[in-house]
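Working notes, beginning with the structure itself.
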Amino acid sequence: MLRIARSVLVLASVLLLSLLGTAVVASAQTWHLEQFDRTSRMCVQQGLDGRTHASYFIFVVSGKWTTDLEFGMRDLPPGWTATEHHLAPGSNFHDSDGSINVNGFVGVQGSASVPMATYRAHIWVSDGTVTETLPTDVVVTTESWVDCMNRG
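What the sequence shown shows, in mature numbering (1 follows the signal peptide of the UniProt record, and there is no 0), is residues -28 to -1, 1 to 124, in sequence order.
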């Protein structure tokens, strides 16, 4: 009976330590998806002629990561698609003057004939445990590109 009790205590200790180890690893995230001074914006001049619009959004991941960081976009206008890819393990830190390298971009494309609106999309980056998002706007309008980009 004493042998069984010891086995149960050892097993419980191993399980508890593995759970604590997982919590420590999950909380040790050292990378972050950085917010720009203002929300990234893409302006698309609406057209009912079936044109396709394609462009990309840039983003910055700062810090250090030891596994691939998967990324893509969600909440795009109806029928739009985005590339999904990854950043290989690495690091990206601010220089002494505060600058940092842009290290990611997501390509998007879709029909310019979607209803006029401002679509709040999101860039996402994930290490498989933690996912961070960054808001972006896809503005479908009749305004000129210059006027659209200068407002907001």
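Don't be surprised by glycine CBs; every beta carbon is placed ideally from N, CA and C.
Contacting residues, own chain, Cβ-Cβ under 7 Å from residue 57 (five flanking each side not counted): By 1-based counting over the sequence shown, the position of residue 57 is 85. So the list reads 43, once near-sequence residues are dropped.
Touching by the beta-carbon criterion (3+ pairs, under 8 Å), the segment 23 to 39 and the segment 71 to 90: yes
Three CB pairs or more closer than 8 Å across the segment 107 to 122 and the segment 7 to 15: yes
Close Cβ partners of residue 74 (< 8 Å) along its chain, the five nearest in sequence each way excluded: One-based indexing of the sequence shown puts residue 74 at position 102. Counting only Cβ-Cβ distances below 8 Å, and skipping sequence neighbours, we find 30, 31 and 32.
Expected contact under 8 Å - CB spacing of residue 110 and residue 48 to nearest Å: Locating residue 110 in the sequence shown gives position 138, where the first residue counts as 1. Locating residue 48 in the sequence shown gives position 76, where the first residue counts as 1. Confirmed, about 7 Å.
Close Cβ partners of residue 39 (< 8 Å) along its chain, the five nearest in sequence each way excluded: What you label residue 39 is simply residue 67 of the sequence shown in a count that begins at 1. Result list for residue 39: 61, 99 and 100, in chain order.
Residue 14 - DSSP class collapsed to helix/strand/coil: Stepping through the sequence shown from its first residue, residue 14 is reached at position 42. Here residue 14 sits in strand by DSSP.
Own chain partners of residue 35 with C-beta closer than 6 Å, once the 5 adjacent residues on each side are dropped: Here residue 35 corresponds to residue number 63 of the sequence shown, with the count starting at 1. Only 2, 3 and 4 meet the Cβ criterion.
CB of residue 113 within 8 Å of CB of residue 93, strictly: Stepping through the sequence shown from its first residue, residue 113 is reached at position 141. Stepping through the sequence shown from its first residue, residue 93 is reached at position 121. For residue 113 and residue 93, no; Cβs fall outside 8 Å.
Residues that DSSP places opposite residue 64 in a beta bridge: Residue numbering aside, residue 64 sits at position 92 when the sequence shown is read from its first letter. According to DSSP, residue 64 bridges with 35.
Start-to-end residues for the alpha helix (DSSP H) that takes in residue 52: For the purposes of this step, residue 52 is taken as residue 80 along the sequence shown, with counting starting at 1. Element bounds for residue 52: n/a, residue is neither H nor E.
CA nearest to the CA of residue 7, picked from 68, 86, 51 and 97: Here residue 7 refers to the residue found at position 35 when the sequence shown is read from its first residue. Closest by alpha carbon: 97.
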